[in-house]
Amino acid sequence: MNRFEEKTIEKEVLFEGRIINLQVEKVALPNGKTSTREIIKHPGAVCVIALTDDDKLIMVEQYRKALERSILEIPAGKLEPGEEPVITAARELEEETGYGSETLTHLISFYTSPGFADELVHVFVANNLYKIQNAKGTDEDEFVELYELTLEEAEECLVDQRIFDAKTAYAVQYLRLQKMIDQQKKSQNKI
């Protein structure tokens, strides 16, 4: 047993939506007192770091109502019930960008906001991209514009806050770190 565990005493579902559910739980704390926790339940999601043959990062610009603005993001979407994350990644890559990938590699998974949500995002890297004829396209309520950015351009978008979400910031930083590691290896091989 975890010494910090909070045991649920009561649970009330306040909202059941298309994407999320909101519940309030009364919990017993480790010190014997009680408290409440507001929790968002989410089915999970994927995001894809898609790289062209000339090392450009495929991104989409999309309006995000919660932010009241458009931002640049890597392709992403929620898991459908029973769907494996790699299948979701391939589907979202095709729908949002019109590309497929010969290699979709799982990189890491992380919780977006564990203080109040259980959303787990699975990050994939897509290489060896190819254009899909008659690609499915985005959902009817989703409008995106496609971009291909160099790493340096993506870093500039971080600074000017055109990239403003965690998964995309993570992707840009991951690519920067990979580039640094590759450069170090080349330097070591020359010695």
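With the UniProt record's numbering as the guide, the letters of the sequence shown map in order to residues 1 to 191.
Positions of the beta carbon are idealized from the N, C-alpha and C atoms, including for glycine.
Residue i versus residue j: straight-line alpha-carbon distance, rounded
{"i": "T88", "j": "T168", "result": "17 Å"}
{"i": "S35", "j": "A28", "result": "7 Å"}
{"i": "A126", "j": "Q161", "result": "24 Å"}
{"i": "I9", "j": "R37", "result": "11 Å"}
{"i": "N2", "j": "P30", "result": "10 Å"}
{"i": "E153", "j": "E73", "result": "13 Å"}
{"i": "E80", "j": "E95", "result": "14 Å"}
{"i": "E12", "j": "D54", "result": "51 Å"}
{"i": "Q23", "j": "V60", "result": "32 Å"}
{"i": "R91", "j": "V159", "result": "30 Å"}
{"i": "T150", "j": "K56", "result": "5 Å"}
{"i": "E140", "j": "E68", "result": "20 Å"}
{"i": "A76", "j": "G137", "result": "13 Å"}
{"i": "residue 200", "j": "E16", "result": "The chain is shown from 1 up to 191; residue 200 falls before or after that span and cannot be answered."}
Secondary structure of residue i, DSSP reduced to three states
{"i": "L29", "result": "coil"}
{"i": "A171", "result": "helix"}
{"i": "K136", "result": "coil"}
{"i": "N189", "result": "helix"}
{"i": "I181", "result": "helix"}
Pick from the options that is closest to residue i, judged by C-alpha positions
{"i": "E119", "options": "I9, R3, E5, I19", "result": "I19"}
{"i": "F143", "options": "S70, F116, I58, E83", "result": "S70"}
{"i": "K78", "options": "L67, L93, A66, K65", "result": "L93"}
{"i": "E83", "options": "E152, Q62, V46", "result": "V46"}
{"i": "E5", "options": "N21, K33, A76, L22", "result": "K33"}
{"i": "Q178", "options": "L107, K26, Q62, G98", "result": "L107"}
{"i": "V48", "options": "V24, T103, N21", "result": "T103"}
{"i": "Y63", "options": "Q184, E145, I181", "result": "E145"}
{"i": "F116", "options": "E156, E25, I163", "result": "E25"}
Is there contact here, the segment 31-49 with the segment 110-125, by at least three beta-carbon pairs under 8 Å?
-> yes
Could you tell me which uninterrupted alpha helix (DSSP H) segments, each at least 4 residues in length, are contained entirely in the segment 28-111, listed from first to last along the chain?
-> 85-97
Let me know the beta strand (DSSP E) ranges lying completely inside the segment 139-169, each 3 residues or longer, listed in chain order.
-> 144-149
Between the segment 184-191 and the segment 130-139, do three or more beta carbon pairs fall short of 8 Å?
-> With a cut-off of 8 Å, the segment 130-139 and the segment 184-191 do not count as touching, because too few Cβ pairs lie within range.
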